[in-house]
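Numbering (our numbering), first residue to last: 3 to 447. Just so it is clear, CB atoms sit at the ideal spot from N, CA and C, and this is done for glycine as well.
See below:
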């Protein structure tokens, strides 16, 4: 993509309405535009990152054996009346009527609808276990939407739902989701700590939130610092292996880590004082096991091997896809702008032409551009007739992990400059070597 042909409405000044870093940088980098309180248009750069995050979520869900589908944003109120949640959910639910005076709602979550889909098509234990998920826009009418995409009213969310015959199977689904979420976040360059949490309006007896530590987090959290030393890494996980998934669950949840709703000061004080931590955290996902809460209320039953009928065991599991952009920026930025991890960057690298219009630098940049595209790495080529300082400032603001700078002096010596956005370290090398280095970096992402 050539920047002269791209839509990138960057701002030079900090927007007055932005209270936290991620909101400020997303507005300045031309990623979003507010349309109403807590509702945003996703401009091209922001949309590219959103789709990369969505793709990672899809890949890790499929790897865990979960099946994608797509449910609508609008739901019938009758389903929620069956479960008993229509009146209980509160004012966050946007309730509307169609022209036939039928009660509808803009879905804040999908437990009722997915249970209705299940009961319409599944009646035997032979079709279990089953986990269905989708990535869809949700709406919750927050009283005070703020912090940009971190606490908006409309947001993109992955929500998945498991259906199992027994409690043991359902708890394995819970563990399987925990493992898949850990891998998902690590691929995005994040450490998201699973913390014991409150189930809220979803209900259920088992739930963990995944929180990214950040000063601007909405939740107060308490944890044993030893939890920050654990990584899933490149382990080969068999998602059908109950013992292996249980072992990962125990490894990542054995240490104390809780949100303020479930914090127990007496238990916390048993941790060695030097490891006790309190901080702020950004919630980026949550998993729930709630048993037969919805299946009993809505008649989602299956025939067992002995011929009896029982309600299925269920759980729900969510990842805040759009919220993750804000969380990543909060965790990865400096005073110049965003620093995207390679896994979610909108473009793998940027090309900066220091002397636009010069035949030599123009030709070298065009050659670099074609070589990177051929390697499957579409760059963002700043071919504008701007000062070098302005081009560097734009690249730093939008946070591409790597920049290749091409100028007449370097070309005279047969080299270009490859710069890491995270470290600021630059190396001179041939153009072919720069392409090979960038390709090598992304081959492992």
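Query: Could you compute how far the alpha carbon of residue 367 sits from the alpha carbon of residue 100?; Result: 55 Å
Query: Taking just the CA atoms, how far does residue 70 sit from residue 89?; Result: 30 Å
Query: DSSP on residue 310, reduced to helix/strand/coil?; Result: coil
Query: Terminal residues of the continuous alpha helix (DSSP H) containing residue 255?; Result: 244-255
Query: Can you find the residues in the same chain that come closer than 6 Å, C-beta to C-beta, to residue 195, ignoring five residues on each side of it along the sequence?; Result: 213, 229 and 259
Query: Determine the burial state of residue 123: buried for a count of at least 16 other Cβ atoms within 10 Å of its Cβ, exposed for fewer.; Result: exposed
Query: Are the CB atoms of residue 279 and residue 225 within a distance shorter than 8 Å?; Result: yes
Query: Can you tell me where the beta strand (DSSP E) with residue 316 in it begins and where it stops?; Result: 315-322
Query: Please classify residue 140 as buried or exposed, where buried requires at least 16 other C-beta atoms within 10 Å of its C-beta.; Result: buried
Query: Kindly provide the ranges of any beta strand (DSSP E) runs that are 3 or more residues long and lie completely inside the region 379-407, ordered along the chain.; Result: 382-384
Query: Consult DSSP for residue 241 and reduce its assignment to one of helix, strand or coil.; Result: coil
Query: Does DSSP classify residue 436 as helix, strand or coil?; Result: helix
Query: Helix, strand or coil for residue 98, going by three-state DSSP, please let me know.; Result: strand
Query: Just the C-alpha distance for residue 265 and residue 393, rounded to the nearest angstrom, thanks.; Result: 48 Å
Query: Closer than 6 Å by C-beta to residue 22: which residues in its own chain qualify, once you throw out the five before and the five after it? Chain order, please.; Result: 149 and 218
Query: Can you check the region 258-282 for any beta strand (DSSP E) of at least 3 residues that lies completely inside it and give the ranges in chain order?; Result: 259-261
Query: With 16 as the cutoff for other CB atoms within 10 Å, does residue 145 come out buried or exposed?; Result: exposed
Query: In the DSSP assignment, find the unbroken beta strand (DSSP E) run with residue 163 in it and report its ends.; Result: 156-166
Query: In terms of residues, what are the limits of the beta strand (DSSP E) holding residue 425?; Result: Residue 425 -> no beta strand (DSSP E), and no H or E assigned at all.
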